[in-house]
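Report on the structure given below.
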Amino acid sequence: MENATENICSSGSARLEELFAARFPDLDRSVRPRDVDRELIRSGRLTESELLAMYNTAYQVPEVNEDEVEPPELPESAPLEFFNSNTCLPLEWEQDSVTLLLADPYDLEGLTFLIRKTWECGMAPRFVRRAFLERLLSRFQESGNDEEKLLDQEDETTLRSMAGEARIVRLVNDIFTQAIELGASDIHVEPGESSLSVRCRVDGVLTEIMNCPLNQFPAIASRIKLIGGLNIAESRLPQDGRTNVRIGKTELDMRISTIPILTGESIVLRLLNQEAVSFDLHTLGMSDEILRKFDRLISIPHGMILVVGPTGSGKTTTLYSVINQLNDQKKKIITIEDPVEYKTPGLCQVQVNHKIGVTFAAGLRSIVRQDPDIILVGEIRDRETADIAINAALTGHLVLSTLHTNDAAGAVTRLLDMGMENFLVSSALFGVLSQRLVRKICTSCGGTGKAQDGGKCRRCNGSGYKGRCGIYELLIMDDDLRAAVNANASSAELARIAVSHGMIPLLEDGRSKVASGITTQEELNRSTANL
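FYI, the working numbering numbers position 454 of the sequence shown as 1406, with every residue one higher than the one before it.
In structure tokens form, the structure reads like this:
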């Protein structure tokens, strides 16, 4: 076993140098290899998964599935201090050998010697991400009285010191990296009674990516607050922040929100990957017929067009796709949003700020004096905003906005319920697009969630779904519908007239996507449960 391990070390080291030389001929390998590896990851030239694959290839060891790692009980003869100081942990402990989890191969010879002298056995390496390994090690720490520790850690100097520890910086970066790889829109950091849960919202559904000891929460929370420019010593009041973070080659615009809860603080990070967003009406999932009608609708230079649906149904993406198509540098386009999510060249974007009186209504009142051609109002929430928006639409402006209603016809009755006159609504409103988002079947695994060679599919992380598309219904106002609005018809009657005039109902559009193999009936049912 001794000679075999030494052979693995020497031959693996040589093969790794060859792999690096072939892929990165410009590297100065006289620099400490571990530092070179970390710089490659930091700069985005190499992902951590790619680096681990190179280690595995060079040392000819199998890949470790981190989701299936369950470290064994440590024997008394193997003190935790040894593994902490050497950043390693046994995966399998047998009588004459130990399979050891490592973050890199650069201490292999020394570890082999120490293990052979201490426990008289050989060692087989397996490579995992450093943050994952440190998280495993932390689970073995003596927890003591966690509540007392949490109370003791409230001092700002202590919190700031903990937030700057290398292992905490790596752990938080690992959370961001996993979120990016999964294509997450949000990260939820939630302390519970006995542990800390980190979940990501992927394609509209939350999934846990990490579970940490509760005593790590103050350090992790402080690190996130520092990144977002929040007060790290304040945990009793809600806080909001915004920052830009670069992880490898990815630039993230990150909104951070904290609120106090019984077990500490709930922290939610909204991730806006500006580089990955593509605002194109042709990629949203509209059928050819709906897209053709919608293209004609948005080409009208005045009037109001609404996009409706519940929170998280993709309304903002649709509106920005419309703006992107209309933004030909020949029109003055002004938006008022709460908040401005996507900074877009060629637009004048106004941020709602209630503290200084910049509400939707106040901002919109000023916008109409700016000679705009197109106005985007993030959301019509009250009668005053609706009144100004409708008058702008009637005086030659194209007004785009959103409402929270279940279907297209419901948008009409919502405006009337706000106190708008029937004839104003029927005259100003030109069309309503109602939408939901459904997850698409993963094309790699066909929705099974399993890879071809066993294990879970990496592309969809075992969910069976990857990416989302919209399902839609488009109500276009015509003379019959305007007459029905003026006659105070119900939303059900408006929907009936619209369908008789060619509107494809939302559920019907969804069923066509199920029949086409784009999504599943279960996913359609989940997305349209409130219809």
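We put the beta carbon where it would ideally sit given N, CA and C, even for glycine. Note that the structure is a prediction, hence the values are computed from the model and not measured.
- Item | Helix, strand or coil at lysine 1295 [DSSP, three-state] | Start at 1 with the first residue of the sequence shown, and residue 1295 comes out as number 343. In this structure, lysine 1295 counts as coil in the three-state DSSP scheme.
- Query: So what does leucine 1350 bridge to, in DSSP terms?
  - Reply: Here residue 1350 corresponds to residue number 398 of the sequence shown, with the count starting at 1. Partner(s): Gly1255 and Ile1326.
- Task: Check arginine 1119 in the structure and name its three-state DSSP category.
- Result: What you label residue 1119 is simply residue 167 of the sequence shown in a count that begins at 1. In this structure, arginine 1119 counts as helix in the three-state DSSP scheme.
- Task: Please list, in chain order, all residues of the same chain as glycine 1315 whose beta carbon is under 7 Å from its beta carbon, the five residues on each side excluded.
- Result: The sequence position of residue 1315 within the sequence shown is 363, counting from 1. The residues are Ile1288, Val1302 and Val1304.
- Would you say arginine 1333 and phenylalanine 1312 are within 9 Å of each other, going by their C-beta atoms? Position 381 of the sequence shown holds residue 1333. Position 360 of the sequence shown holds residue 1312. Yes, Cβ-Cβ distance for arginine 1333 and phenylalanine 1312 is below 9 Å.
- Just checking, does the stretch 1276 to 1291 make contact with the stretch 1366 to 1385 on the three C-beta pairs under 8 Å criterion? no
- Segment contact flag, the stretch 1186 to 1202 with the stretch 1212 to 1223, C-beta cutoff 8 Å, min 3 pairs: yes
- Task: Provide the residue span of the beta strand (DSSP E) that contains phenylalanine 1079, from first to last.
- Result: The residue you call residue 1079 lines up with position 127 of the sequence shown. Here the beta strand (DSSP E) through phenylalanine 1079 covers 1074 to 1079.
- So, isoleucine 1423 versus threonine 1365, is the Cβ gap smaller than 9 Å? Numbered from 1 along the sequence shown, position 471 holds the residue referred to as residue 1423. Numbered from 1 along the sequence shown, position 413 holds the residue referred to as residue 1365. In this structure, threonine 1365 does not lie closer than 9 Å to isoleucine 1423 by Cβ.
- Secondary structure of arginine 975, DSSP reduced to three states: Start at 1 with the first residue of the sequence shown, and residue 975 comes out as number 23. Residue state, collapsed to three classes: helix.
- Would the stretch 983 to 999 and the stretch 1195 to 1203 be scored as touching if the rule is three or more Cβ pairs under 8 Å? yes
- Is the CB-CB distance between lysine 1465 and cysteine 1421 below 9 Å? Indexing the sequence shown from 1 puts residue 1465 at position 513. Indexing the sequence shown from 1 puts residue 1421 at position 469. Result yes, Cβ atoms of lysine 1465 and cysteine 1421 sit closer than 9 Å.
- Message: Using only CA atoms, which one of Glu1086, Leu1052 and Lys1069 lies nearest to methionine 1075?
- Response: The residue labelled residue 1075 in the question sits at position 123 within the sequence shown. Here the closest residue by C-alpha is Leu1052.
- Message: Give the list of continuous beta strand (DSSP E) stretches no shorter than 3 residues that lie fully inside the stretch 1352 to 1433.
- Response: 1381 to 1393 and 1417 to 1428
- For glycine 1266, the three-state DSSP class (helix, strand or coil): As a first step, residue 1266 must be located in the sequence shown, where it is residue number 314. In this structure, glycine 1266 counts as coil in the three-state DSSP scheme.
- Message: Less than 7 Å between C-beta atoms, sequence neighbours within five positions excluded: which residues of the same chain meet that for glycine 1096?
- Response: Translated into positions along the sequence shown, residue 1096 becomes position 144. Note that glycine 1096 scores 39 on pLDDT, short of 50, meaning its location in the model is unreliable; the coordinates nonetheless yield the value given after this. Correct list: empty, nothing qualifies.
- State yes or no: is the C-beta of valine 1292 within less than 9 Å of the C-beta of valine 1377? Translated into the one-based positions of the sequence shown, residue 1292 becomes position 340. Translated into the one-based positions of the sequence shown, residue 1377 becomes position 425. No, the Cβ-Cβ distance between valine 1292 and valine 1377 is not below 9 Å.
- Determine the direct distance from the alpha carbon of proline 1165 to that of phenylalanine 1034, and round the result to whole angstroms. As a first step, residue 1034 must be located in the sequence shown, where it is residue number 82. As a first step, residue 1165 must be located in the sequence shown, where it is residue number 213. One C-alpha to the other measures close to 20 Å.
- Less than 9 Å separating the beta-carbons of alanine 1338 and isoleucine 1327? As a position in the sequence shown, residue 1338 is number 386, starting the count at 1. As a position in the sequence shown, residue 1327 is number 375, starting the count at 1. For alanine 1338 and isoleucine 1327, no; Cβs fall outside 9 Å.
- Query: Rounded to whole angstroms, how far is the Cβ of valine 1197 from the Cβ of isoleucine 1179, which I believe are closer than 8 Å?
  - Reply: Taking the sequence shown and counting its residues from 1, the one referred to as residue 1197 is at position 245. Taking the sequence shown and counting its residues from 1, the one referred to as residue 1179 is at position 227. Between valine 1197 and isoleucine 1179 a beta carbon distance of about 6 Å is seen, short of the 8 Å cut, so the two are scored as contacting.
- Please confirm if the stretch 1134 to 1152 is in contact with the stretch 1397 to 1407, defined as three or more CB-CB distances below 8 Å between the two stretches. With fewer than three CB-CB distances shorter than 8 Å, the stretch 1134 to 1152 does not count as touching the stretch 1397 to 1407.
- Compute the Euclidean distance between the alpha carbons of alanine 1176 and glutamate 1086, then round it to the nearest angstrom. To locate residue 1176, count along the sequence shown from 1; it is residue 224. To locate residue 1086, count along the sequence shown from 1; it is residue 134. Residue identity differs from the one stated: residue 1176 is isoleucine in this sequence, not alanine. Distance between the alpha carbons of isoleucine 1176 and glutamate 1086: 18 Å.
- Message: Quick check on DSSP: helix, strand or coil for histidine 1453?
- Response: Here residue 1453 refers to the residue found at position 501 of the sequence shown. In the structure shown, histidine 1453 sits in coil (DSSP, three-state: anything other than H, G, I, E or B).
- Item | Counted within 10 angstroms of its Cβ, other Cβ atoms place arginine 984 as buried (16 or more) or exposed | Here residue 984 refers to the residue found at position 32 when the sequence shown is read from its first residue. That one is exposed.
- Task: Look at isoleucine 1242 and isoleucine 1456 and say whether their C-beta atoms are less than 9 Å apart.
- Result: On the sequence shown, position 290 is the one that residue 1242 refers to. On the sequence shown, position 504 is the one that residue 1456 refers to. Yes, the Cβ-Cβ distance between isoleucine 1242 and isoleucine 1456 is below 9 Å.
- Burial state of asparagine 1167, where buried means 16 or more other Cβ atoms lie within 10 Å: Residue numbering aside, residue 1167 sits at position 215 when the sequence shown is read from its first letter. The residue in question, asparagine 1167, is buried, as its Cβ has 16 or more Cβ neighbours within 10 Å.
- Message: Rounding to the nearest angstrom, what Cα-Cα distance links valine 1050 and leucine 1043 in this structure?
- Response: The residue labelled residue 1050 in the question sits at position 98 within the sequence shown. The residue labelled residue 1043 in the question sits at position 91 within the sequence shown. Those two C-alpha atoms are separated by around 8 Å.
- Inter-residue spacing [alpha-carbon to alpha-carbon] between leucine 1278 and tyrosine 1417: Counted from its first residue, the sequence shown places residue 1278 at position 326. Counted from its first residue, the sequence shown places residue 1417 at position 465. About 32 Å.
- Short check: CB of alanine 1450 to CB of alanine 1345, under 9 Å? Residue 1450 sits at position 498 when you count from the first residue of the sequence shown. Residue 1345 sits at position 393 when you count from the first residue of the sequence shown. Contact: no.
- Query: For serine 1147, which option in Gly1362, Pro1170 and Gly1398 has the closest C-alpha, if you only look at C-alpha atoms?
  - Reply: Within the sequence shown, the letter at position 195 stands for residue 1147. Selected option, being the one with the closest Cα: Pro1170.
- Examine the Cβ distances between the stretch 1385 to 1397 and the stretch 1249 to 1269 and report whether three or more of them are shorter than 8 Å. yes
- Item | Where valine 1466 falls: helix, strand or coil (DSSP) | Numbered from its first residue, the sequence shown carries residue 1466 at position 514. Here valine 1466 carries a helix assignment [DSSP, helix/strand/coil].
- Message: Considering only DSSP beta bridges, list what valine 1220 is partnered with.
- Response: Residue 1220 sits at position 268 when you count from the first residue of the sequence shown. Answer by DSSP bridge pairing, in chain order: His1140 and Ser1209.
- Task: Measure the beta-carbon distance from methionine 1006 to leucine 1054 and round it to whole angstroms, keeping in mind my assumption that it falls under 8 Å.
- Result: On the sequence shown, position 54 is the one that residue 1006 refers to. On the sequence shown, position 102 is the one that residue 1054 refers to. Not quite, the Cβ-Cβ distance comes to about 14 Å (not below 8 Å), so this is no contact.
- Does DSSP put aspartate 1247 in a helix, a strand or coil? To locate residue 1247, count along the sequence shown from 1; it is residue 295. Helix at aspartate 1247.
- Item | Residues of its chain near phenylalanine 1128, where Cβ-Cβ distance is below 6 Å and the 5 sequence neighbours each way are ignored | Looking up residue 1128 in the sequence shown gives position 176. Within the same chain, phenylalanine 1128 has close Cβ partners Ile1199.
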